[in-house]
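Here is the structure we will look at.
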Amino acid sequence: MVASFRYGVSLYSYTDDFGTVMTLDDAFEHVADTGSTGVEILGETTVPLYPEPPAAWMDHWFAQLDRYKLEPTNFACWVDTRIQIGRNMSVEEGAAQIEQDLRLAHKLGFRFIRPKFGVIDHELTPDPIWEGAVERNLDLAAQLDLVILPEIHSPTPIRHPVTEAYVNFIERTGTKNFGLMIDTGIFQDRPIHKWGGGETEEIKKGALSFLNGIKVPVEHLEDVIQYVPFIQAKFHDIDENLHDHQIPWERIVPMLKKLGYSGYLSSEYEGARDPWVAIEQVRRQHALIRMLEDEYDAANAETAHA
Amino acid sequence: MLERSHIQSTGFRNFGPENARAGFEVRIRQANYRSSRLSLIEGVDITVDGILYPAENNLFRLGEHEYTHAELDDATETRLYVGDYFTVVVPKPGGLARGVHLVGSAIRYRHPYFPPEFQPVIVRNERHATIIMP
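Protein chains in written order, with UniProt numbering: chain A, 1 to 306; chain B, 1 to 134.
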């Protein structure tokens with residue numbers, strides 16, 4: 001029996017809709033109707049009065065999870081290392097930030113947190129405080145049954161010193177509470193026409209490699225898959241023929257199946273930010289990936305019975 | 001809920017005594033996908049009908065509290081939430097004339113997870129908005 005994916009949606013997909021034309025209740029409805037079992041949130045965005053949500057909101061959160069049969073998956077958070085113009089966070093401040101997010105994520109029922117560290121160069125090398133800040137929280141993460149996942153995000157590929165440093169950390173500490181989150185944007189192999197990540201003229205001119213795609217071969221997943229319990233299924237544009245114009249799902253899905261991946265694929269739409277477009281785009285992605293998974297399973301079953 | 005544009009129709013107004021306006025205000029929604037510590041906002045430039053009102057001279061109001069440009073950098077634990085708005089208070093003796101103006105905003109966000117060469121990221125918006133009371 002081949003392992004099956006779990007399907008989820010990150011509320012990041014609904015950026016700009018959330019707060020203008022969409023409430024959290026609306027978002028739950030859209031996520032659940034894709035057939036997903038998991039919901040990923042952005043702590044600061046989704047949780048009112050973060051980091052101390054009102055008790056009534058917490059009650060409503062759990063009632064909605066129950067109503068829509070959704071489980072909380074990943075809690076996205078940030079370690080704002082360049083916290084002031086002239087001052088960077090200390091290791092202690094970074095550790096306190098991660099502790100705060102672990103505790104809030106646990107209260108809300110999450111299994112993973114993704115701290116996004118400030119970086120020091122264009123290859124997205126994280127501020128060196130990451131290691132001490134994470135290590136001080138490994139016992140707490142174990143106690144709360146949470147896994148801390150930095151993301152491997154374009155323009156950082158899998159075979160790169162940033163990824164290697166994370167893997168070395170896992171091997172040195174022997175921890176089960178730190179892993180890698182793969183963002184499927186690293187497999188992008190055609191240019192993005194409409195980037196929904198906060199496009200400006202400066203970024204369009206200065207970040208061409210990122211916007212054109214860094215084209216990581218899907219085979220490189222094999223190097224790290226043992227450390228990957230969660231995947232953010234980044235995408236930008238899927239047309240009415242279920243053709244994705246940037247992300248090669250027809251290669252990603254079979255590779256993940258071959259490697260036995262059974263974690264979440266959590267949709268992260270990052271395309272045109274016109275009102276309500278994200279709702280339909282996420283649905284197309286789920287249809288596309290489920291179709292490819294079914295095709296793989298059918299072909300595999302025929303082989304098994306041949 | 002708020003309008004989709006960053007600049008909001010509501011909240012565009014003169015302030016100060018009638019016949020002796022001290023300036024005008026522009027209401028702008030959180031334009032980032034996540035809530036921001038105020039220390040990550042390095043100011044907001046405003047333009048009206050082609051005239052620039054630079055961030056350094058403007059006040060930034062969140063709720064009841066007004067921050068000078070320099071004070072924003074110290075507000076590390078105050079957040080501008082998604083779904084909320086702030087107001088840029090622009091000194092301009094006499095205020096703006098009644099009628100429709102072309103208003104622009106340029107928010108300087110520092111995203112620590114963006115490469116240093118993109119700091120700050122300038123997030124721009126422009127639209128028509130109306131002053132009712134001169």
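Glycine residues also receive a C-beta, built at the ideal position from the N, C-alpha and C atoms. Nothing here was measured: the structure is a model prediction, and the numbers come from that model.
Chain B contact for residue i (CB, 8 Å cutoff)
{"i": "A/Leu104", "result": "no"}
{"i": "A/Val2", "result": "no"}
{"i": "A/Asp80", "result": "yes"}
{"i": "A/Tyr269", "result": "no"}
{"i": "A/Ile192", "result": "no"}
{"i": "A/Gln84", "result": "yes"}
{"i": "A/Val21", "result": "yes"}
{"i": "A/Gly260", "result": "no"}
{"i": "A/Pro54", "result": "no"}
{"i": "A/Tyr50", "result": "yes"}
{"i": "A/Pro115", "result": "no"}
{"i": "A/Pro275", "result": "yes"}
{"i": "A/Gly198", "result": "yes"}
Alpha-carbon spacing of residue i relative to residue j, whole angstroms
{"i": "A/Gly196", "j": "A/Arg190", "result": "16 Å"}
{"i": "A/Ala272", "j": "B/Ala20", "result": "44 Å"}
{"i": "residue 381 of chain A", "j": "A/Thr23", "result": "In this structure chain A extends from 1 to 306, so residue 381 of chain A is not present and cannot be described."}
{"i": "A/Phe210", "j": "B/Leu62", "result": "35 Å"}
{"i": "A/Gly206", "j": "A/Ala55", "result": "45 Å"}
{"i": "A/Val277", "j": "A/Asp17", "result": "9 Å"}
{"i": "A/Ser90", "j": "B/Thr76", "result": "14 Å"}
{"i": "A/Gly198", "j": "A/Glu302", "result": "45 Å"}
{"i": "A/Glu123", "j": "B/Arg13", "result": "44 Å"}
{"i": "B/Ala65", "j": "B/Met133", "result": "Reading the sequence as shown, one finds His at residue 65 of chain B and not Ala. C-alpha separation (whole angstroms): 24 Å."}
{"i": "A/Glu171", "j": "B/Phe86", "result": "46 Å"}
{"i": "A/Ala32", "j": "A/Val228", "result": "24 Å"}
{"i": "A/Trp57", "j": "B/Asp84", "result": "17 Å"}
{"i": "B/Ile131", "j": "A/His220", "result": "58 Å"}
{"i": "A/Tyr166", "j": "A/Ile203", "result": "27 Å"}
{"i": "A/Thr184", "j": "A/Arg136", "result": "29 Å"}
{"i": "A/Glu295", "j": "A/Ile192", "result": "27 Å"}
{"i": "A/Met291", "j": "B/Thr10", "result": "46 Å"}
{"i": "B/Leu2", "j": "A/Ala298", "result": "48 Å"}
{"i": "A/Thr125", "j": "B/Gly23", "result": "45 Å"}
Minimum Cβ-Cβ distance from residue i to chain A less than 8 Å
{"i": "B/Ile7", "result": "no"}
{"i": "B/Val82", "result": "yes"}
{"i": "B/Arg103", "result": "According to the sequence shown, residue 103 of chain B is Val rather than Arg. Chain A contact via Cβ: absent."}
{"i": "B/Tyr113", "result": "yes"}
{"i": "B/Asp73", "result": "yes"}
{"i": "B/Thr78", "result": "no"}
{"i": "B/Glu42", "result": "yes"}
{"i": "B/Phe12", "result": "no"}
{"i": "B/Leu2", "result": "yes"}
{"i": "B/Glu117", "result": "yes"}
{"i": "B/Ile46", "result": "no"}
{"i": "B/Ile122", "result": "yes"}
{"i": "B/Glu110", "result": "Note on residue identity: the sequence assigns Arg, not Glu, to residue 110 of chain B. True, the Cβ-Cβ gap to chain A drops below 8 Å."}
Rounded Cβ spacing between residue i and residue j (contact assumed at less than 8 Å)
{"i": "B/Val44", "j": "B/Ala129", "result": "Contact doesn't hold; Cβ gap of about 15 Å is too wide."}
{"i": "B/Tyr113", "j": "B/Ser36", "result": "In fact, because the Cβ distance is near 13 Å, the residues do not count as touching under 8 Å."}
{"i": "A/Ile41", "j": "A/Leu65", "result": "Contact flag wrong, Cβ pair sits at about 11 Å."}
{"i": "A/Arg159", "j": "A/Asp223", "result": "7 Å"}
{"i": "A/Lys234", "j": "A/Glu293", "result": "About 18 Å separates the two Cβ atoms, so there is no contact after all."}
{"i": "B/Glu25", "j": "B/Val89", "result": "5 Å"}
{"i": "A/Gln131", "j": "A/Phe187", "result": "Checking the sequence shown, residue 131 of chain A turns out to be Glu, not Gln. Rounded, the Cβ-Cβ distance is 27 Å, inconsistent with contact."}
{"i": "A/Ile98", "j": "A/Ser154", "result": "So it is not a contact: roughly 24 Å between Cβ atoms."}
8 Å Cβ cutoff met for residue i and residue j
{"i": "A/Val21", "j": "A/Pro275", "result": "yes"}
{"i": "B/Tyr67", "j": "B/Leu38", "result": "yes"}
{"i": "A/Thr81", "j": "A/Ile129", "result": "yes"}
{"i": "A/Ile120", "j": "A/Phe75", "result": "no"}
{"i": "A/Gly109", "j": "A/Val147", "result": "no"}
{"i": "A/Cys77", "j": "A/Pro53", "result": "no"}
{"i": "B/Val103", "j": "B/Ile7", "result": "yes"}
{"i": "A/Leu102", "j": "A/Leu140", "result": "yes"}
{"i": "A/Phe67", "j": "A/Gly38", "result": "For clarity, residue 67 of chain A is Arg in the given sequence; the question names Phe instead. Contact: no."}
{"i": "A/Arg111", "j": "A/Thr156", "result": "no"}
{"i": "A/Met181", "j": "A/Leu149", "result": "yes"}
{"i": "A/Lys194", "j": "A/Asp239", "result": "no"}
{"i": "A/Tyr264", "j": "A/Gly43", "result": "no"}
{"i": "A/Gln100", "j": "A/Pro51", "result": "yes"}
{"i": "A/Thr34", "j": "A/Arg283", "result": "yes"}
Chain D within 8 Å of residue i, Cβ atoms only
{"i": "A/Glu99", "result": "Judged by its chain identifiers, the structure shown contains no chain D, and its protein chains are A and B."}
Item checked: Contact list for the region 117 to 130 of chain A against chain B, Cβ threshold 9 Å -> Phe117, Gly118, Val119, Ile120, Asp121, His122, Glu123, Leu124, Pro126, Asp127
Next item on the list: Taking a Cβ distance cut-off of 9 Å, strictly less, list which residues of the region 200 to 221 of chain A are near chain B, in chain order.
Entry: Thr200, Glu201, Glu202, Ile203, Gly206, Ala207
Next item on the list: With 9 Å as the C-beta to C-beta threshold (strictly closer), list the residues of the region 21 to 38 of chain B near chain A in chain order.
Entry: Arg29, Gln30, Ala31, Asn32, Tyr33, Arg34, Ser35, Ser36, Arg37
Next item on the list: Identify each residue in the region 7 to 18 of chain A for which the Cβ-Cβ distance to at least one residue of chain B is less than 8 Å, and report them in chain order.
Entry: Tyr12, Thr15, Asp16, Phe18
Check: Going along the region 84 to 95 of chain B in order, which residues come within less than 9 Å of chain A, judged by CB to CB distance?
Finding: Asp84
Notebook entry, point to check: Can you list, in chain order, the residues of the region 22 to 45 of chain A whose Cβ is nearer than 9 Å to any Cβ on chain B?
Noted result: Met22, Thr23, Leu42, Gly43, Glu44, Thr45
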